[in-house]
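Everything below concerns the one structure shown next.
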Amino acid sequence: MRTLITGANGMVARAAKEYCEKIGDEVAALTRAELDIADEEAVRARVAELRPDAILNLAAFTDVDGAETRIEACYAANVAGVRNLALAAAEHDVRFVTVSTDYVFSGEKDGFYTEEDVPEPQGIYAVSKYEGELAATEANAEAVIVRSGWIYGSGGTNFLSVMHRLLGEGKAIKAISDAFGTPTYAADLARRMRELAASDFTGIIHVTNAGDGTSYSGFANKLAELGGFDRELIEEVSGETLKRPAPRPRNSRLATVREVKNLGALPNWEDALKRFLLSEK
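Sequential numbering of the sequence shown, starting at 0, is according to numbering that gives the first Met the number 0.
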């Protein structure tokens, strides 16, 4: 398969490139400098030139707090960019898989959110990602929208991705105890996106590692247990104490009610965390 991956400098995009090359794909992984997805003409020209069989869109504006003031940049990537890629994919009969977020939900529900729940995004980033979902489906009836959350992996810069380094260096960390999600290992997410590209599935699907989910402090404590780190370095705090500009859902745990032929659940998040730690040694 000829696979085009956007946002090539990102954590999940790097994992996708590695996996796709491993299984024998001809991969074009493009950075923003090589393809600004917000540029409609550039997108159309590059897709026409490369003629991929599938596009994995992993380009996004992901600075949740920064989005509150950088609204134009956020919408350019998360809405216009998604629409441009979806249109180009439809024009050339290319499979299109794009990643969305658990933040499209308000977080007020107890238990898991499924694809049947109605999104209620809070904050600029969350709204932009939901509008990106709508743009994808309007532009391309065959689009696949993968909602995920709490993504971590090698080379990542978010808290879940660097926590092990901080603890390994003996640095104290603050981990929120009253926000809950379903951790997702970037390598597993990337593999599933490629599998979806090869399937006949269309529409929205939730993709996370299996299990009951956890809090940030629960993730930190499990990581300390698996990595042999000092749990005394972990301070459990309430999310309200951090005074962050953008709202976050209190509970954004995801589960799927959609079935894809020959594709089962991803591994449990604790097993995935073990593999991540082994890969970092």
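For each residue, glycine too, the CB sits at the ideal point set by N, CA and C. No experiment lies behind these values; they were computed from the predicted model shown.
Let me know if residue i comes out buried or exposed under the rule of 16 or more other beta-carbons within 10 Å of its beta-carbon.
i, result
"Gly-263", "exposed"
"Val-161", "exposed"
"Gly-187", "One point to set straight first is that residue 187 is Asp, not Gly, in the sequence displayed. Buried, by the Cβ-count rule."
"Leu-222", "buried"
"Lys-16", "buried"
"Leu-277", "exposed"
"Ile-175", "buried"
"Thr-68", "exposed"
"Arg-274", "exposed"
"Asp-24", "buried"
"Ala-171", "exposed"
"Arg-13", "buried"
"Thr-156", "exposed"
"Val-117", "exposed"
"Gly-169", "exposed"
"Val-256", "exposed"
Under 8 Å by Cβ, that's how I've got residue i and residue j pegged, so tell me the actual separation to the nearest angstrom.
i, j, result
"Ser-214", "Lys-260", "In fact, because the Cβ distance is near 34 Å, the residues do not count as touching under 8 Å."
"Ala-47", "Ala-28", "About 18 Å separates the two Cβ atoms, so there is no contact after all."
"Ala-185", "Ile-150", "6 Å"
"Asp-64", "Ala-245", "5 Å"
"Ser-127", "Ala-66", "7 Å"
"Tyr-265", "Arg-193", "The sequence given here places Leu at residue 265; Tyr does not occur at that position. With a Cβ gap of about 13 Å, Leu-265 and Arg-193 do not count as contacting."
"Glu-269", "Gly-210", "7 Å"
"Glu-112", "Arg-252", "Here residue 112 is Tyr; the residue named in the question, Glu, does not match the sequence. Indeed, because the Cβ distance is near 7 Å, the residues count as touching under 8 Å."
"Ser-216", "Glu-235", "4 Å"
So, are the CB atoms of residue i and residue j less than 8 Å apart?
i, j, result
"Ile-123", "Cys-73", "yes"
"Asn-77", "Gly-110", "no"
"Val-96", "Leu-55", "yes"
"Gly-212", "Gly-238", "no"
"Gly-167", "Phe-228", "yes"
"Asn-208", "Pro-182", "yes"
"Thr-2", "Asp-52", "yes"
"Tyr-18", "Ala-196", "no"
"Ser-99", "Glu-119", "no"
"Arg-82", "Ala-134", "yes"
"Leu-165", "Phe-218", "no"
"Arg-247", "Ala-178", "yes"
"Glu-33", "Val-26", "no"
"Glu-71", "His-163", "no"
"Leu-272", "Leu-225", "yes"
"Gly-154", "Met-0", "no"
"His-91", "Arg-50", "yes"
query = Which whole runs of the alpha helix (DSSP H) in the region 67-133 are 4 residues long or more, in chain order?
reply = Counting whole runs of 4 or more residues, the region 67-133 contains the alpha helix (DSSP H) stretches 70-74 and 80-90.
task = Evaluate the contact criterion for the region 202-211 versus the region 141-148: three or more CB pairs, one atom per stretch, below 8 Å.
result = At 8 Å Cβ cutoff, the stretches touch.
Entirely enclosed beta strand (DSSP E) segments - the region 141-183, minimum 3 residues = Qualifying beta strand (DSSP E) stretches, in chain order: 143-147 and 172-175.
query = Looking at C-beta atoms only, is the number of pairs between the region 83-92 and the region 33-50 that lie closer than 8 Å three or more?
reply = With the cut-off at 8 Å, the region 83-92 and the region 33-50 touch.
inquiry  = Runs of 3 residues minimum, wholly inside the region 194-264: which ones carry the beta strand (DSSP E) assignment?
reply    = Runs of the beta strand (DSSP E) inside the region 194-264: 202-205 and 233-236.
inquiry  = As an exercise, report each continuous alpha helix (DSSP H) stretch of at least 4 residues that is fully enclosed by the region 10-69, in chain order.
reply    = Taking only runs of at least 4 residues, the alpha helix (DSSP H) segments lying wholly in the region 10-69 are 10-21 and 39-49.
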